[in-house]
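Here the structure is laid out as structure tokens; the discussion comes afterwards.
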Amino acid sequence: PGGRFTISSDDGAYAVQIGLAFHEDVGGFMGMSPRAGETKGLFPGLTENARRLRIPISFRYKNWIANITPDFGSGSADGSVTLYEANLNYAGIHNTVLTAGYFQPRVTEEDSESSNEFEMMERPAITDIVRNIAAGDARFSIGGLHYAKRWWIAGYLTGQTYGNRSSSTNPISDSQTGATFRVAGRPYVSRDIDVHVGLSAISAFKVNEGAQGRVYSPSEAPEVNLTTTKLLSATVGDAGTVWSAGPELGFRWKRLVLKGEYYHIGVQRKGGADTGNMPATNFEGYYGAANYTLFGKGRAYNIKEGAFSAPGVEHPFDPVHGYWGALELSARYSVADLNSNLGTASAVRGGQQTVWSAGLNWYPNRHFRFMLDFNHFIVTRNSELYNLMGRDGNSVAGRLQAAF
Amino acid sequence: PGGRFTISSDDGAYAVQIGLAFHEDVGGFMGMSPRAGETKGLFPGLTENARRLRIPISFRYKNWIANITPDFGSGSADGSVTLYEANLNYAGIHNTVLTAGYFQPRVTEEDSESSNEFEMMERPAITDIVRNIAAGDARFSIGGLHYAKRWWIAGYLTGQTYGNRSSSTNPISDSQTGATFRVAGRPYVSRDIDVHVGLSAISAFKVNEGAQGRVYSPSEAPEVNLTTTKLLSATVGDAGTVWSAGPELGFRWKRLVLKGEYYHIGVQRKGGADTGNMPATNFEGYYGAANYTLFGKGRAYNIKEGAFSAPGVEHPFDPVHGYWGALELSARYSVADLNSNLGTASAVRGGQQTVWSAGLNWYPNRHFRFMLDFNHFIVTRNSELYNLMGRDGNSVAGRLQAAF
Amino acid sequence: PGGRFTISSDDGAYAVQIGLAFHEDVGGFMGMSPRAGETKGLFPGLTENARRLRIPISFRYKNWIANITPDFGSGSADGSVTLYEANLNYAGIHNTVLTAGYFQPRVTEEDSESSNEFEMMERPAITDIVRNIAAGDARFSIGGLHYAKRWWIAGYLTGQTYGNRSSSTNPISDSQTGATFRVAGRPYVSRDIDVHVGLSAISAFKVNEGAQGRVYSPSEAPEVNLTTTKLLSATVGDAGTVWSAGPELGFRWKRLVLKGEYYHIGVQRKGGADTGNMPATNFEGYYGAANYTLFGKGRAYNIKEGAFSAPGVEHPFDPVHGYWGALELSARYSVADLNSNLGTASAVRGGQQTVWSAGLNWYPNRHFRFMLDFNHFIVTRNSELYNLMGRDGNSVAGRLQAAF
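As they're listed, the protein sequences go chains A, B and C. Position one of the first sequence corresponds to residue 1 (the working numbering), numbered consecutively onward. Position one of the second sequence corresponds to residue 1001 (the working numbering), numbered consecutively onward. Position one of the third sequence corresponds to residue 2001 (the working numbering), numbered consecutively onward.
In structure tokens form, the structure reads like this:
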């Protein structure tokens, strides 16, 4: 399906598939001079990154499926080798998939889209922060999803991420447990219109315990993965339960798609024996995005994901015959606020990041895509040496993509 | 064969295969409070581990075969990426396979079984300690095996394990050389009965030389791979030749399989210029195991491995038609003693570990398996900070398995 | 092609391929005693190395191709896991391939040969040093090549190598940019004779900026990859542009192939504010090689590579019928000089390495190869602790190879 190579046995009992999700980024930062007293940070003017280099391999015997996906990208520093997923699935129940193993349980509309089909190169910062609480790539999960033509629901119990305990510098003496939940629906559907509403929730019942105890420390790059310097970065020690929830809204009119989501994050804090429990830490974020397909078949609703999918290519690139594939424009405004209780004894100052972005995606055919994104970002100060005074800057980045 | 996907050329000269060995564990430890003065160690109450995530790929041209098997599990800390094997084979001689390259040369009955077919989730501690002397996963090996209906024999010269010299903190100035030997036979065979006898021997002629000289340092987890804390842990400095040998016994009566093995380990020790040679260090260990297949086809003898294989599934899981796959019960008693010459100047106190375990394995079909193991372990003190006084405890763990 | 497994769709629009480049080395060093005051270095008497364990996977849709090649060898210390290439290609123009992504852009005749077809186990030191300036494995590249029956040309803009920015100890604040160029031709061709001339050039416009600023630091093992100790090793601080260029010459007469190349390397140096620019650093190197095919089909010219390829096997190994595959002999003399401006304030003393080598390659069939190489090397002193006085020594090494 979708061009993924499949070999099946004649009786249909067996099938093996091999695919590819290839995302390589090139670009850099402009206007990133640090203010007085700040260190520079790592903001190269021109660099590259192996963003995703996944080779999904799938083995099926009747209704039982084993998936394994090595990833040679996975990072923001020219690539590293890890695992994207490795899970067992039972698909014997109609429109339902039960899953156990390393998996990406989907929360939020943005995270429910395949990364092959994103409007912009990266998710909004708040989406990444929310999903990393107890979901994200290669999270050990047990749960299931069910979809129908008008609604979608999923829930998973989750543990740690692949490789989590491997650290020699931060030995993990107790592991994370958490859960995710998402429900989405389409209250109105017509040929020209799709209305999407949804609710996502996620919680780490307890974050894992390392050398510094239980610490929740969200951090984010400015919606472009060409630096390891995270201007937005908070550390919440003595963390108890971490939770987040928020609404999803989406609207399609012909070739125009509008989307927005808001999430609140709460972190319960246990103090020391002397201080008693501390006030909860509260973070939040939101984004609004608009997308328009200039030529090609516009974005559509994917009921298996409960999310919007990429434009279709009606005729592959063939300039001799006047075929140019598909082209779309995107714009987004995104805010993530990791400041909490400022001015009190329990203040956490992780900074607030605002990103304005605009992008262009060209699809010469259904398997290849070229993206170009411009971001302008403004980040208020936190306590990192490279962000003592607040930083702002710009990035221009392109992506080479192949998906089979 | 066995459901491994194979593509062959029409003339049979070429074939390529791709398979999967997928083992993921979930579980934790109970009753692991340290005694006074001990550190806690890493014994999470609930955690997970990517135990084996192997993708065997095989290329054949006539009688020559190249195997390569990436492994994304391989560890006890949520997975890491490495190589399970990469070797060349010549299969042009009847019932014989000559091998060179990174390989797992088989010693002991337990190690000769495929990990897809183990009775319990992990090998007995003594089996792991013995095989790691000069065999184990991805060991550079040159040798061969021959099998017949009633006997099995193999021998390999071995070097280091894949990745051995990569350490930046312990540079290797000289490499290990060693050898393995195993012979096994079936003195009595009938429809209801299999009698297995065997002898395994292994030696590291010289262990590799790192920053601390030549050191032999066996260590083991308590037969559950959900912790990196090795309660059983010995260090033998100035090590010369390390050898081990011992008998294998196995007996099948209908659906019941009984097994037991004993191994002695000897480590020759070179002292400093002033002390002269020191007395040899001696370790030992043994186990006894019982297994019964409740439903499904019982365990059988695999002449290619010289070892017992997993139960067969006569009808895949299909509750509507009353088919439940196969189910088996296992129990094991295992001892590994890494104490030697206690009370003398050449004492090595690595601790003695006893493990009582019981397990249940369910096979819904021939490719998937679910395991549940309970272990109770008692480990006497050694000199590790987390085991100054002796430790005991329990573990409960489950495994998700797929094998293609 | 060449036995690579390919699955295509019936209409030819789709194809997927999977292959293997398997190179494992065994051998060691002799006569490597350090001189007075030097440390030993890591020169094992007998060790092994996973030199290349690549699994090339290729996805094609019409004229667009995505390649990805995991590598489980890649090193000199028993293997490590990385990426050899991951790139997108457009092949819609006759005899032309346009490429973007992680790639090995070819410079020099020696580097243009497939590693499956090398005369000796390793490239000459100077070839490795030159290609590593701005090419080598998994270099981010954008460019193209064109070949015809009598000539070959290629040029690429290049960035960093896969994984370059991942270092936690040497954070990269600015990335490398560079370029490569190669043109080659065959002024005279007949059945018995091939004359090859070529020119290769390469430049790092700026090397990347790490914690020590912009540093160019070439280093090489003695043309055998069984040690991580680089006797030849130079460090050029405050490096500006690095460039190299030189001629390629090759000549085939029947089964005899003669080759030689020379390269000069120039490093522009920026001084501190007080010192001003420093004189340029200059390195150089060359090699001459002879190869004769004793039996089998001799080496031939590969117009797609602009380089000589390996002998052909007319009849696979089958001693019963008197077929022994192919056998060739190689010899090489190679010099790499990393000393510059000795006796002046801007001296760089990286040492000069001379290697005499001789080798034997046996091909039982077209997919398997066994190599045996002897090297004698002489390295003059530099400032490394293991080479304070100059070192010489010998190595004997064999290689197991499979290529599909």
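Backbone N, C-alpha and C fix where the C-beta goes; we use that ideal spot for every residue, glycine too.
DSSP-derived helix/strand/coil call for residue i
i, result
"ALA148 of chain A", "coil"
"THR166 of chain A", "Here residue 166 of chain A turns out to be Ser, not Thr, going by the sequence shown. Of the three classes helix, strand and coil, the one that applies to SER166 of chain A here is helix, per DSSP."
"ASN339 of chain A", "strand"
"HIS264 of chain A", "strand"
"GLU1117 of chain B", "helix"
"ASP10 of chain A", "coil"
"ASP2137 of chain C", "coil"
"ASP111 of chain A", "helix"
"VAL81 of chain A", "coil"
"VAL2130 of chain C", "helix"
"ALA1221 of chain B", "coil"
"VAL236 of chain A", "strand"
"ILE2321 of chain C", "Before going further, note that residue 2321 of chain C is His rather than Ile in the sequence given. Of the three classes helix, strand and coil, the one that applies to HIS2321 of chain C here is helix, per DSSP."
"ASN387 of chain A", "helix"
"LEU1400 of chain B", "strand"
"ALA125 of chain A", "helix"
"ARG52 of chain A", "strand"
"PRO1 of chain A", "Here PRO1 of chain A scores only 41 on pLDDT, less than 50, and its place in the model should not be relied on; the value that follows carries that caveat. In the structure shown, PRO1 of chain A sits in coil (DSSP, three-state: anything other than H, G, I, E or B)."
"HIS1367 of chain B", "coil"
"LEU2046 of chain C", "coil"
"ASN1063 of chain B", "coil"
"SER58 of chain A", "strand"
CA-to-CA distance, residue j to residue i, given in whole angstroms
i, j, result
"GLY1296 of chain B", "ALA86 of chain A", "28 Å"
"HIS1146 of chain B", "THR1096 of chain B", "4 Å"
"GLN401 of chain A", "ARG369 of chain A", "5 Å"
"SER1008 of chain B", "GLY198 of chain A", "49 Å"
"ALA1211 of chain B", "LEU1046 of chain B", "37 Å"
"THR362 of chain A", "ALA326 of chain A", "The question names Thr, but residue 362 of chain A is Trp in the sequence shown. Looking at the two C-alpha atoms, the distance is approximately 6 Å."
"ASP1078 of chain B", "ASN1116 of chain B", "19 Å"
"ALA1239 of chain B", "GLY1178 of chain B", "14 Å"
"TRP253 of chain A", "ALA300 of chain A", "10 Å"
"ARG182 of chain A", "ILE153 of chain A", "6 Å"
"VAL257 of chain A", "GLU328 of chain A", "11 Å"
"VAL207 of chain A", "PRO218 of chain A", "12 Å"
"GLY75 of chain A", "VAL2215 of chain C", "25 Å"
"GLY159 of chain A", "ARG165 of chain A", "12 Å"
"SER2112 of chain C", "GLU220 of chain A", "42 Å"
"VAL2348 of chain C", "VAL2236 of chain C", "7 Å"
"THR2169 of chain C", "ASN49 of chain A", "19 Å"
"GLN352 of chain A", "LEU2088 of chain C", "38 Å"
Sheet register partners of residue i (DSSP bridge)
i, result
"ALA2255 of chain C", "For the sequence presented, residue 2255 of chain C should be read as Arg rather than Ala. ARG2255 of chain C is not bridged to any residue."
"PRO1105 of chain B", "Its beta-bridge partners do not exist; DSSP assigns none."
"SER330 of chain A", "A:ASN291 and A:GLY359"
"SER1244 of chain B", "B:ILE1202 and B:ILE1265"
"PRO2070 of chain C", "C:LEU2083"
"GLY143 of chain A", "A:THR99 and A:TYR156"
Within 9 Å, strictly: CB atoms of residue i and residue j
i, j, result
"GLN1100 of chain B", "TYR1061 of chain B", "The question names Gln, but residue 1100 of chain B is Ala in the sequence shown. Taking 9 Å as the Cβ cut-off, ALA1100 of chain B and TYR1061 of chain B do not qualify as a contacting pair."
"TYR292 of chain A", "ARG255 of chain A", "yes"
"GLY281 of chain A", "SER200 of chain A", "Before going on, a small fix: residue 281 of chain A reads as Thr here, not Gly. Taking 9 Å as the Cβ cut-off, THR281 of chain A and SER200 of chain A do not qualify as a contacting pair."
Contact test: residue i Cβ vs the ligand FAD heavy atom, cutoff 8 Å
i, result
"GLY1390 of chain B", "Of the ligands one can find in the structure shown there are none, so the ligand FAD has no counterpart to examine."
Self-check item: Where the segment 158 to 182 of chain A meets chain B: residues whose CB sits under 7 Å from a CB there
Solution: GLY159, GLN160, TYR162, GLY163, ASN164, ARG165, SER166, PRO171, ILE172, SER173, ASP174, SER175 and THR177
Quiz prompt | Contact residues within the segment 1209 to 1242 of chain B, judged by C-beta distance below 7 Å to chain C | solution = none
Practice problem: Can you give me, in chain order, the residues of the segment 357 to 369 of chain A that have a beta carbon less than 9 Å from any beta carbon in chain C? | Solution: PRO364, ASN365, ARG366, HIS367 and PHE368
Quiz prompt | Near-chain C residues of the segment 24 to 52 of chain A (beta-carbon distance less than 7 Å), N- to C-terminal order | solution = GLU24, LYS40, LEU42, PRO44, GLY45, LEU46, THR47, GLU48 and ALA50
Exercise. Check each residue of the segment 2061 to 2093 of chain C: if its Cβ is closer than 9 Å to any Cβ of chain B, include it; give the result in chain order.
Key: PRO2070, PHE2072, GLY2073, GLY2075, SER2076, ALA2077, ASP2078, GLY2079, SER2080 and VAL2081
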